[in-house]
Amino acid sequence: MARSLLHSLTAALALSTAVYSLPQSQFGVPVGGDNGGINQDSGVANAREESSSTSTTSLLSSLANHGPVRQPRDTSACNNSPALCGQAYNTITHMGAHDSAFLRDESTGNSVAGNQFFNATRALSAGLRLLQAQVHNENGTLKLCHTTCSLLDAGSLQTWLGAIKYWMDTNPNEVVTLLLVNSDNVDAATYGQIFEASGISTYGYTPKSTSATGDWPTLQQMISANTRLVTFIASITYSPSYPYLLNEFTYAFETSFEVTSLSGFNCTLDRPKSVSSAATAISNNMLPLLNHFAYSALTSTILIPAVSDIDTTNSPSTTTTGALGLHAQNCKQQWGIKPVFVLVDFFDHGPAINTADTLNGISPVGRSTLSKSGGSSGAGSSDANPAMKDRVGSVALLAFLAAALLTV
């Protein structure tokens, strides 16, 4: 029976591949459109690197700027608000995209493993300033893969960093934070070489202390020094050769990241295990990271993002069970400080950034507005024939299960 099921699921995977190899116009979705054939940072879904520097520059330009025209930039603003320029990095809430490289859109066959509808540079243009991703060592190449590269391969870390670097080049008043999960325990030197090769290391910020500290610069100070990129890696051993690569759990702590019900969000320290409580972590100047995303269980061991509840999960409401606004408010009250980092799935819903704006007390300027229908909005085939969309979604689910079983 198990062998028969596996064969059936493997066949579904092949069918899914065949379905998505057909022109999108057959499903009622224009070929190209807002996607223009490229809708990923640094080849996030296509896992393809350009061979010439000219092609790479053209690609990164397209990726960083593709999409809606954003509001005119206010050169006096820092991270979308003049009010944030004089505030210290550790006193601001930085809204972030959990698993930012892993998309649920046409490019991934609407993979049920995808955590976002929009890619990383689109997230930055929409106001997010924290990007999280999983990194795996795949045959000597650092790649962005969801759990395993056979489930969802989003391309090389270097190319992804290159696209983010290009975005930062063209947005000089923005401070960006990266959080990378070091899935295969790669050393700092290997990461450092990738950061240098992408060019993004030039923006790397090095704290004054190699341990948790309350002495962080203001956004304006980081911008003026052009050290506008804070990079945390979970986990990594500090290297004086690459001092801008920071071990996450030296500087920050996290709440639980495997929540499967809207009533399951809390403010309890989950990691690092070496610290007894959130209160202890905060007293030691560790920065709080609020994980606020929920999963649905496909099996006892396979969890997928719970997209069906996302409008509730990402809501700024402070009275609705499971809402981001309520979770953030509760933790601020319990901790005595607001969360410095927040990670969400499908950030455009809510929209999640509204909760950060409330915590920061700002009225933002200079952000792009993301469409919720069609194209690279990541709604995938949202404009397609509904029956075909449902059919393809079912095939994608079976394909995901097949891939998951094949990796066991």
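Sequence positions in the sequence shown follow mature numbering (1 follows the signal peptide of the UniProt record, and there is no 0) and run -21 to -1, 1 to 387. No residue lacks a Cβ here, since even glycine has one placed at the ideal position from N, Cα and C.
1) Rounded to the nearest angstrom, how far is the Cβ of VAL344 from that of ASN150, given a contact under 8 Å?
2) If you follow the beta strand (DSSP E) that LEU266 is part of, which residue opens it and which one closes it?
3) What do you reckon, are the CB atoms on MET265 and LEU208 nearer than 9 Å?
4) Pull the bridge partners of PHE211 from the DSSP assignment, please.
5) By alpha-carbon positions, which one of ASN89, ASN270, LEU198, ASN263 ends up nearest to LEU303?
6) For GLU227, is the classification buried or exposed, using 16 other Cβ atoms within 10 angstroms of its Cβ as the cut-off for buried?
7) Does the Cβ-Cβ distance between ASP324 and PHE244 come in under 9 Å?
8) If you draw a straight line from the alpha carbon of TRP139 to that of GLY178, how long is it in whole angstroms?
9) Candidates SER275, LEU107, THR348: which alpha carbon is nearest PHE236's?
10) Thinking C-alpha only, which one of LEU241, ILE143, ALA56, TYR145 is nearest GLY301?
11) Over the uninterrupted alpha helix (DSSP H) stretch that includes CYS310, give me the two end residues.
12) At the level of alpha carbons, what is the spacing between GLN308 and GLN199?
13) Nearest to VAL221 by CA position, among PHE174, VAL319, PRO295, is which residue?
14) Find out if the Cβ-Cβ distance for the pair LEU224, ALA167 is shorter than 9 Å.
15) Pick out whichever of ARG101, SER279, CYS124, TYR68 has its Cα sitting closest to the Cα of GLY93.
16) By DSSP's criteria, HIS73 is part of a beta bridge. Which residues make up the other side?
17) To the nearest angstrom, how far is it from the Cα of LYS252 to the Cα of ASP327?
18) Given this structure, state the Cα-to-Cα distance separating GLY46 from ILE71, to the nearest angstrom.
19) Rounded to a whole number of angstroms, what is the C-alpha to C-alpha distance between SER104 and ILE332?
20) Could you tell me the boundaries of the beta strand (DSSP E) in which LEU110 lies?
21) Tell me the residue span of the beta strand (DSSP E) that contains GLU85.
22) Can you tell me the Cα-Cα spacing of ILE261 and ARG250, whole angstroms?
23) In whole angstroms, give me the CA-to-CA distance for ARG101 and LEU109.
24) Where does the unbroken beta strand (DSSP E) through GLY134 begin, and where does it stop?
25) Can ALA62 and ILE341 be called in contact, C-beta distance under 9 Å?
26) From THR291, LYS187, VAL286, pick the residue whose C-alpha is nearest to that of ASN89; which is it?
Reading from the atomic positions:
1) That pair is no contact at about 13 Å.
2) 266 to 270
3) no
4) LEU158, LEU225
5) ASN270
6) buried
7) no
8) 11 Å
9) SER275
10) LEU241
11) 303 to 314
12) 27 Å
13) The sequence shown places Tyr at residue 221, rather than the Val named in the question. Closest option to TYR221, Cα to Cα, is PHE174.
14) yes
15) CYS124
16) PHE320
17) 32 Å
18) Model confidence at GLY46 stands at a pLDDT of 45, short of 50, so the residue's coordinates are unreliable; what they give is reported in the following sentence. For GLY46 and ILE71, the distance between alpha carbons rounds to 28 Å.
19) 12 Å
20) 109 to 117
21) Where GLU85 is concerned, there is no enclosing beta strand (DSSP E), given that its DSSP letter is neither H nor E.
22) 13 Å
23) 12 Å
24) 132 to 135
25) yes
26) VAL286
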